[in-house]
Structure formats: structure tokens, C-alpha cells
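K.L.:
Residue numbers (our numbering): 31 to 570.
Ideal Cβ placement from N, Cα and C applies to all residues, glycine included.
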């Protein structure tokens, strides 16, 4: 398949922004739903208050037994271990005994949090509850229970050490008593040896006494730490935080809305924008019309159509005359006819003698946009063998443009049976022949004409054309060997209006013969709008 520009290889940022523009209601609903749920959560979830007590930890003087010097800090206490001790069952059990209501230690642990400020010997004990008073009471009880547990642990270690030393000292006293009894009957060298042993035992007893005395004093004066900042009464709840909940709810709603929009867009069978058209059809969008009427040089649509006309002329520069451009919609209705009228008018405005052939009997859009009434045309050519030159009409609004209508009401044009002959017949009647047909899915006329056309231009009606129809049209062009340089997009089109009852004003030009090459000016096709059919048998 021949194209001017390769189609988009994948989604780009502008495609996602286009998705947001299309599905903004769904995304907005997601954000709004998230805010509503967050607001409901803020209202429904009970407020939680947190009170904090700061405890300074002091060494107990029993580092060789407690391992206090093995902490992560340079101090004498391992604060990481102490933070775990605060959450232990021993501490929370003591804490539970001091609180009203006999709470379970496991429930208390869920409300406790311990933090250690950097480079300090401080533990910050946080306790959360449903009321400020309960939170303050719990934090104070936690600090007291921890210090009590730490003090009891230190005193227990000291007592155990004292008991061991005193037991060893009692044993030495008994040993000294035995030696004294033995020395009473000893003489000479035995007496000297006994005295030496007794003196050694006395020295050991003295050394043990020197160790027992400071431990006894430490047992009475041990200080595990102190509360340097008592728990205060919280002024505001720590949870839920309304702003945080609302921001989180909006963010989650946004994500949910985006996902829903993406899924909805992927499941939507329609084509919504030019990016979709290029990506799905694998062809560039060469002309984007923003209106549904006949454009003029004074508006942007007309300027874009003129530029597209120059592109078509350049693409068909190797054809000497009679370039046939097949325009077909990808959705039922008037989109194909509206695009064909604007293309034909642009070709005529840019200096090319142009013939617009209406091969779509399902719409009166061509007559509506150009101000033409129903009359003989393509059907009479194919059925009765009329001469096209006698059935062409020239709308007053567009010089150099002639129109071959579909035919009188009730007359069917058998395009499929003589498509190739029809195309060859029309080639000699204008520099450019623009043929508009119904969509590929509506009628086989486009299939029949595609094999003989020089260009095939699918028209996508944004918001109505289905993806499968666009892909099918481009694929059919490749199958018939006709060039598909790109696509035309139009916005959603209104329903067809009534066909005018008054005849269009013909150009006041006297009859004159036509140049066979079709390269003459607007004045060499003087055909009145209500011209009757020529005798049958004039088909070329």
C-alpha cells in the first residue's frame, strides 16, 4: 500500500492527552468519587490522638552484665535494644496494671510507637488513643512502666551478683575457720605454711568485700533514667488527617479514572481523533475539516483544502489528464460526500477543471452543499446511455467545478456492472474526476470503482466511524492496488437536509464544444442545470 507518510508506530503523548479530552468526564468522575470516599472516611473513621513522653536513658553501671555498651551509638546504652524492650510483654503488662479498664497488653502494643532521635540517649514514647486524656495517660503510664522495668532488671542483676559474691565470701570464711583450727596444733614449718594459707584466704575475703560494698551501694542508688518531657495533652488528632486523606483520595480516584478511561477507550470501536486515525489506519491524515459545510478560501478549512488539492495534484503529476480520485466514507451518512465536495471545490479553486461525480444514492449532501436540485445524472448515463456532457451541472458558487448527480429519484445506477467503463468514460471530461461513493461496508460500488481509480481517500467521521471500517477500507485499497495516500477527517455530521426545490442558477454561458482533453476553462462547458437527457446510445 502506497502512502506519503508512515502511520504512527505506537501511542504518543498527544494521544494520551487526546484520550483525556475525550474521556474527561470519566476521569473527573473518578477524582470526584475518590474525594467523596475520602471525605466519608474522614467523617466515619474515629479520631486518633497521640501523646508523647520523652525518656532519657542512663547507664545502670552494670554494662558488663547487661551489654549496654554494644549499642549503635557511642554512648553507654543500646537504644535500639531499649526500643524493643519498650514493646515487650513485661513492660506492657506493668503498663496495663496501671491503666483503668484492665486493657490487654497486646492491644496496648498496637497503640505504642517508639522513636530514637539521632545522636541522643533519648527515647520518645508515643501512645495513641481515641481521646486526648487517654493518650496522655497512656504515654505517662508507658514511660513509668518502662523505667520501672529497667530499674527492676538492673537491681535484679545487682542482687544476683551480690548473692554470688556473698556466697563465695561465706565459703572463704569457713575455709579460714578450718585453717585456724588446723594451725592451733601445728609447729615449725607446718605452722608457717598454715599461717600463709590463712593470710591468703583473708586477702580473698578482703577483695570480695571490696567488690560487695560498691555493688550494695549501687543496688540502693541505681537510676535507670528519667522522664525529661512528660506527656502532654494533644491539641489536635493525628489521624485521620483530612488534607492527606483528600489528596490521597483524589490521587487514587485519578488513577482509577485513568484506568477506566483507558479501558473504555480501548473497548470503544469508534475512531475519535486524527491520532487514532493515523495509528489505526496506518495512514497519515492529509486533510482535517472542522465543519460540515462547503468551505471557502476565507476560512481555515478552505485553506487546508487548497493545500490538500496541491498535494493531490503533485501525487498525480505523472497522469496527463483525467485523474480519478475515489472518496468514500467509513461511516454511513454524509461524511464522504461532504469531504468530496470540499476536495472538488478546492481543486477547482486552485485552477483545475474538476468533475464531481455522485455515486452515492443514499445522501443528498452534494446537492445540499452546492445548492443543486435532483435531476438526471449517473443513473441515466449507465441505464440509458446518456452523454455525461449533457447531464453535468455547474454550481454558481464554484467556478471550474461541474457536478454529475446520481440521477432522478427512484432510478438506480448500476455502477458495479460497468465500473471500469464508467471510469474510462469520465476521464476525458475533466482534469480531475472526484467520485464519491457510499462506505465500503454499505455498498459494493466503492469496491467496483477502486480498481480503476488513481487515488483512494477514506473519510473518517470522528466519533462515528468504526475502527474496523477504517482498517477494512485501507486494506481494500491495498487489495485492489489503488494508492491510499492518507485519510480525511471530518467532525460528526448532521443529518441530511432537504434537497432544494428551486433550481440552481446556471452560468449564463452559451453552448460550446468541449476540449477532449478536459483541460479547458470554466467557460467551455456551458450546461444548464435542468438540461434534459441526450439521445441514448451516446456512451463512449
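Quick one: what does DSSP say residue 233 is sitting in, helix, strand or coil?
P.N.:
Of the three classes helix, strand and coil, the one that applies to residue 233 here is helix, per DSSP.
K.L.:
By how many angstroms is the C-alpha of residue 118 removed from the C-alpha of residue 153?
P.N.:
So the two alpha carbons sit approximately 15 Å from each other.
K.L.:
Counting pairs of beta carbons, one from the stretch 252-267 and one from the stretch 171-188, are three or more of them closer than 8 Å?
P.N.:
Yes, the stretch 252-267 is in contact with the stretch 171-188.
K.L.:
Do residue 361 and residue 472 count as a contact pair if the criterion is CB distance below 7 Å?
P.N.:
No.
K.L.:
Which word fits residue 157, buried or exposed, when buried means at least 16 other C-beta atoms lie within 10 angstroms of its C-beta?
P.N.:
That one is buried.
K.L.:
Taking buried to mean at least 16 other C-beta atoms within 10 Å of its own C-beta, is residue 405 buried or exposed?
P.N.:
It counts as buried.
K.L.:
Which residues mark the beginning and the end of the alpha helix (DSSP H) in which residue 477 is found?
P.N.:
Run containing residue 477: 475-480, per the alpha helix (DSSP H) assignment.
K.L.:
Could you work out which residue in 426, 59, 489, 520 is closest to residue 282 when comparing CA atoms only?
P.N.:
With distances taken between Cα atoms, residue 282 lies closest to 59.
K.L.:
Reducing DSSP to helix, strand and coil, say where residue 256 ends up.
P.N.:
Here residue 256 sits in strand by DSSP.
K.L.:
Which two residues bound the contiguous beta strand (DSSP E) that contains residue 154?
P.N.:
It spans 152-159 - the beta strand (DSSP E) in which residue 154 sits, taken as one unbroken run.
K.L.:
Compute the Euclidean distance between the alpha carbons of residue 197 and residue 204, then round it to the nearest angstrom.
P.N.:
Distance between the alpha carbons of residue 197 and residue 204: 11 Å.
K.L.:
Quick one: what's got a C-beta closer than 7 Å to residue 4's C-beta in the same chain, skipping five residues either side?
P.N.:
With the chain running from 31 to 570 in the structure shown, residue 4 is simply not present.
K.L.:
Given residue 358, which residues of its chain have a CB within under 8 Å of its CB, disregarding the five upstream and five downstream residues?
P.N.:
Answer for residue 358: 366, 466, 467, 468, 469, 470, 476, 486, 487, 488, 489, 503, listed in chain order.
K.L.:
To the nearest angstrom, how far is the alpha carbon of residue 452 from that of residue 317?
P.N.:
Approximately 27 Å between the Cα atoms of the pair.
K.L.:
How about residue 519: is its C-beta nearer than 7 Å to some C-beta of chain D?
P.N.:
No chain D appears in this structure, which consists of one protein chain only.
K.L.:
As a quick exercise: from 88, 444, 293, pick the residue whose alpha carbon is nearest that of residue 436.
P.N.:
Nearest C-alpha to residue 436: 444.
K.L.:
May I ask which residues mark the beginning and end of the beta strand (DSSP E) holding residue 348?
P.N.:
Run containing residue 348: none; DSSP gives neither H nor E here.
K.L.:
Between which two residues does the alpha helix (DSSP H) carrying residue 510 extend?
P.N.:
First-last of the alpha helix (DSSP H) with residue 510: 497-510.
K.L.:
Evaluate residue 523 with the Cβ neighbour count: other Cβ atoms within 10 Å of its Cβ, from every protein chain shown; 16 or more gives buried, anything less gives exposed.
P.N.:
When all chains shown are included, residue 523 counts as buried.
K.L.:
Roughly how many whole angstroms lie between the Cα atoms of residue 191 and residue 116?
P.N.:
Each residue's Cα considered, the two are about 25 Å apart.
K.L.:
Comparing C-alpha positions only, which one of 222, 407, 401, 382 sits nearest to residue 390?
P.N.:
Comparing Cα positions, the closest option is 407.
K.L.:
Taking just the CA atoms, how far does residue 130 sit from residue 80?
P.N.:
Near 18 Å, if we compare the C-alpha coordinates of residue 130 and residue 80.
K.L.:
Indicate whether residue 315 and residue 517 have their beta-carbon atoms separated by less than 7 Å.
P.N.:
Yes.
K.L.:
Rounded to the nearest angstrom, how far is the Cβ of residue 22 from that of residue 416, given a contact under 8 Å?
P.N.:
Summary: the structure shown does not reach residue 22, with the chain confined to residues 31 through 570, and so no result is reported for it.
K.L.:
Which two residues bound the contiguous beta strand (DSSP E) that contains residue 143?
P.N.:
142-145 is the span of the beta strand (DSSP E), which, as asked, contains residue 143.
K.L.:
By the 10 Å Cβ neighbour count, where 16 or more other Cβ atoms means buried, how is residue 382 classified, buried or exposed?
P.N.:
Classification for residue 382: buried.
K.L.:
So, with DSSP's three-state summary, where would you put residue 58?
P.N.:
The answer is helix: DSSP assigns residue 58 an H, G or I state.
K.L.:
Just list the residues that DSSP pairs residue 79 with in beta bridges.
P.N.:
According to DSSP, which records beta bridges pairwise, residue 79 is partnered with 159.
K.L.:
Count the CB pairs spanning the stretch 45-57 and the stretch 291-308 that are closer than 8 Å, and state whether there are at least three.
P.N.:
The answer is yes - the stretch 291-308 touches the stretch 45-57, with three or more Cβ pairs under 8 Å.
K.L.:
In angstroms, rounded to a whole number, what distance separates the CA positions of residue 385 and residue 460?
P.N.:
Cα-Cα distance, rounded: 6 Å.
K.L.:
Would you mind giving the Cβ-Cβ distance between residue 168 and residue 141, rounded to the nearest angstrom? I have them listed as a contact below 8 Å.
P.N.:
About 7 Å separates the two Cβ atoms, so the contact holds.
K.L.:
Which of helix, strand or coil does DSSP assign to residue 422?
P.N.:
Note: residue 422 maps to coil in three-state DSSP.
K.L.:
Assuming contact is defined by CB atoms lying nearer than 7 Å, are residue 252 and residue 184 in contact in what I supplied?
P.N.:
Going by C-beta atoms, residue 252 is nearer than 7 Å to residue 184.
K.L.:
Could you tell me the alpha carbon to alpha carbon distance between residue 225 and residue 124, rounded to whole angstroms?
P.N.:
Those two C-alpha atoms are separated by around 55 Å.
K.L.:
At 4 residues or longer, what runs of the alpha helix (DSSP H) sit wholly inside the stretch 315-394?
P.N.:
Entirely contained in the stretch 315-394, the alpha helix (DSSP H) runs reaching 4 residues are, in chain order, 330-345, 365-379.
K.L.:
On the premise that residue 144 lies in contact with residue 571, defined as a C-beta separation below 8 Å, what is that separation, rounded to the nearest angstrom?
P.N.:
Shown here, the chain extends from 31 to 570; a query on residue 571 therefore has no answer.
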